[in-house]
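Residue numbers (the working numbering): 15 to 714.
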């Protein structure tokens, strides 16, 4: 169904009846339908097309609301009190308002991923041409882009095909977000349905982004033996200039790595990263180092190891630039979505930019040309590294003891801590020269810095914790498998039957952010437990890093202990956040390849099969962002349940099944024509769990 433009230009055209010169003819779109699978019932669905399917899920799994606030402040009629069944000035109840907030969060998350994909695709088309072929797995993947095929009916073959897919996604998110305007939607379940639709668009947008970058940047293509990447601060060669990239968009980092390679500097500098840019860097350049998840941003910058900080987009602490200034590390903002107030130097000569950054005339610059980012970052890092060799923002042990004595024991630090860490007791012990209690906080601290903001005497409490745990930090050396991308079709054929028949107990997808209740070790232990029990464990993003940050009794990381293939007991890192559709795609391909269900825009049948026959579950143990909400919504729409850790309750609602209502668990058996009770399974579609033990029971 791909629609492609046609442009014909003829200098001179001779026929029997005429001679035509300088002829130009343009046909807006012609249909190129080389896909032999018949068109399904829901091509390019609008926000109401799949509403009936959404309502089946939402009536089975009723929303359970946990609002953070009983007021609505979104328009000038407010504030409106929505307690005790009261309606606001626009007529909404607290249930409607809570679902409206969910829709807004999912739309923001989807817009973020789709805008990311748009930037990547537009850049790659400009640089490599619209006809650049897509290749996500070579001969090993025949069903590429399963989410895009399922939702839009398009079988993308070139970068140009992705442009049309993104236009569809952008249109849908505009519609979902518009429904959140005051005086639009009035039913909580319809808000929820639109949130599910935002999740569908999000899944397509993410798949487009990863399909484009895998095809052009030559990332691992459905490779079960993707290389192991060094991870942790202890892997960084501190004698080399260090460029640290934070964010999710790999394009500026590719500019850095390409410049290093072209100038034979790839052995003379270190390129390290946090968040998903780190994972995608390692997919492009196997000597790139992964430092850690989002919760380590303050930790890494204050350590002083960073010589140049490159910030792109998504999950970048907005005070990273201020933290970098304190250690005299120049900053390059490389995304128009995160300009940091810096002057746009994109068109300025490189020599001038380098001179201004090295001399500290300016703390940072905005550069929107990825190639120029590469040259500036490398040249600046080489020049500033010797000048700031011992720069850091951490106090000495003696300074900690001295400063700890100024503590007022007001307990505001603990009250503000999302983890409720015993900070006052640790500060009291530090004042007496005992830093062990501070060291004990190192593992569980999520690096939010709220304790420092709450402190009336402005103690740098997070820096105290980092310094106390510095020995662990600088010695940390682990491995994370490079993101492999898609699952091979042959892997689906081998594992599809055992999954559906129960020989393989199920698929666990550990995804999402690093807002963990007690550190990342919970993710490692959950993943290891299920891999040992012959589940297929799939990871992505910050959870993929955390899963590889610990070792077993024999000194092996998770990725060394278990194979990287889609098989019983396999642990697969599919890649960054935008690689999550490979997880959904694996479930979709089980229905298509193993169960022979038509794939092309046959959303309801595929989702129904996955929901009832494929034992898949998502775990976002540290989810915090709007992107995590939209990712989860994409899985809910396919009938795949998602669990979140205790902080996930702040998403304001769960989707809970009722095991006491047998009528909710009746399905039609296509083989016999009878109605059978299959419940309660899955028991809930979205729920918060408090402990790793509860999570394991719920997953199983």
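C-beta: ideal position from N, C-alpha, C; glycine also.
Apart from the five residues just before and just after residue i, which ones in its own chain have a Cβ nearer than 8 Å to its Cβ?
i	result
residue 411	449, 481
residue 384	137, 265, 266, 268, 269, 348
residue 683	689, 690
residue 475	427, 437, 441, 465, 466, 469
Are the beta-carbon atoms belonging to residue i and residue j less than 9 Å from one another?
i	j	result
residue 578	residue 240	yes
residue 13	residue 186	Residue 13 cannot be examined here, being either before or after the span of the chain that is shown, 15 to 714.
residue 669	residue 633	no
residue 560	residue 534	yes
residue 504	residue 281	no
residue 540	residue 524	yes
residue 286	residue 258	yes
residue 37	residue 28	no
residue 352	residue 326	yes
residue 592	residue 290	yes
residue 651	residue 597	no
residue 115	residue 493	no
residue 508	residue 527	no
residue 645	residue 80	no
residue 246	residue 563	yes
residue 574	residue 249	no
Starting from residue i and walking both ways along the beta strand (DSSP E), at which residues does that stretch end?
i	result
residue 356	Per DSSP, residue 356 belongs to no beta strand (DSSP E) and is neither H nor E.
residue 538	Per DSSP, residue 538 belongs to no beta strand (DSSP E); it is in the alpha helix (DSSP H), 535 to 546.
residue 345	345 to 347
residue 492	492 to 495
residue 710	Per DSSP, residue 710 belongs to no beta strand (DSSP E); it is in the alpha helix (DSSP H), 706 to 713.
residue 551	550 to 554
residue 702	698 to 702
residue 244	242 to 245
residue 689	689 to 691
residue 379	378 to 380
For residue i, collect the residues of the same chain with a Cβ closer than 6 Å to its Cβ; drop the 5 residues on either side in sequence, then sort them by chain order.
i	result
residue 661	529
residue 57	167, 615
residue 237	498
residue 680	689, 691
residue 630	521, 601, 654
residue 87	93
residue 532	458
residue 67	618
residue 621	652, 653
Going along the chain, which residues of its own chain have a beta-carbon closer than 7 Å to the beta-carbon of residue i, five neighbours each way excluded?
i	result
residue 190	61, 117, 121, 208, 211, 212
residue 149	229, 235
residue 391	257, 270, 322, 324, 346
residue 251	284
The alpha helix (DSSP H) that contains residue i, what's its start and end?
i	result
residue 645	640 to 651
residue 181	173 to 192
residue 684	Per DSSP, residue 684 belongs to no alpha helix (DSSP H) and is neither H nor E.
residue 715	Beyond the ends of the chain as shown, which are 15 and 714, falls residue 715; an answer cannot be given.
residue 123	108 to 142
residue 478	475 to 482
residue 521	Segment 521 to 524 is the beta strand (DSSP E) holding residue 521; no alpha helix (DSSP H) there.
residue 510	503 to 515
residue 364	364 to 372
residue 455	450 to 455
residue 468	464 to 468
residue 162	160 to 166
residue 575	572 to 575
Hey, residue i and residue j are a contact pair by Cβ (cut 8 Å); roughly how many whole angstroms apart?
i	j	result
residue 322	residue 293	No, residue 322 and residue 293 are not in contact; Cβ-Cβ is about 20 Å, not under 8 Å.
residue 308	residue 288	7 Å
residue 603	residue 537	Contact doesn't hold; Cβ gap of about 26 Å is too wide.
residue 595	residue 161	5 Å
residue 359	residue 367	5 Å
residue 583	residue 627	Not quite, the Cβ-Cβ distance comes to about 21 Å (not below 8 Å), so this is no contact.
residue 666	residue 112	5 Å
residue 215	residue 135	Wrong, their Cβ atoms sit about 15 Å apart, outside the cutoff.
residue 142	residue 671	Not confirmed; about 48 Å, so no contact.
residue 623	residue 605	4 Å
residue 339	residue 377	5 Å
residue 180	residue 109	Not confirmed; about 34 Å, so no contact.
Between residue i and chain C, is the shortest Cβ-Cβ distance under 9 Å, so that the two count as touching?
i	result
residue 109	Chain labels in this structure do not include chain C; a single protein chain is all it has.
Could you pull out every unbroken beta strand (DSSP E) segment of at least 3 residues lying fully inside the stretch 305 to 339, listed in chain order? As far as the stretch 305 to 339 is concerned, its whole beta strand (DSSP E) runs of at least 3 residues are 322 to 325.
Sequence ranges, alpha helix (DSSP H) only - wholly within the stretch 261 to 300, length at least 4: Correct list: 265 to 276, 289 to 298.
Considering only residues of the stretch 53 to 85, which uninterrupted alpha helix (DSSP H) runs meet the minimum length of 4 residues and lie entirely inside it, listed in chain order? Qualifying alpha helix (DSSP H) stretches, in chain order: 65 to 74.
Scan the stretch 585 to 669 and note each continuous alpha helix (DSSP H) run of 4 residues or more that stays entirely inside, going in chain order. When DSSP assignments are scanned along the stretch 585 to 669, the uninterrupted stretches of alpha helix (DSSP H) that are 4 or more residues long and fall wholly within it turn out to be 595 to 603, 617 to 627, 640 to 651.
Alpha helix (DSSP H) runs wholly inside the stretch 382 to 448, at least 4 long, in chain order: Taking only runs of at least 4 residues, the alpha helix (DSSP H) segments lying wholly in the stretch 382 to 448 are 384 to 398, 411 to 418, 426 to 430, 437 to 445.
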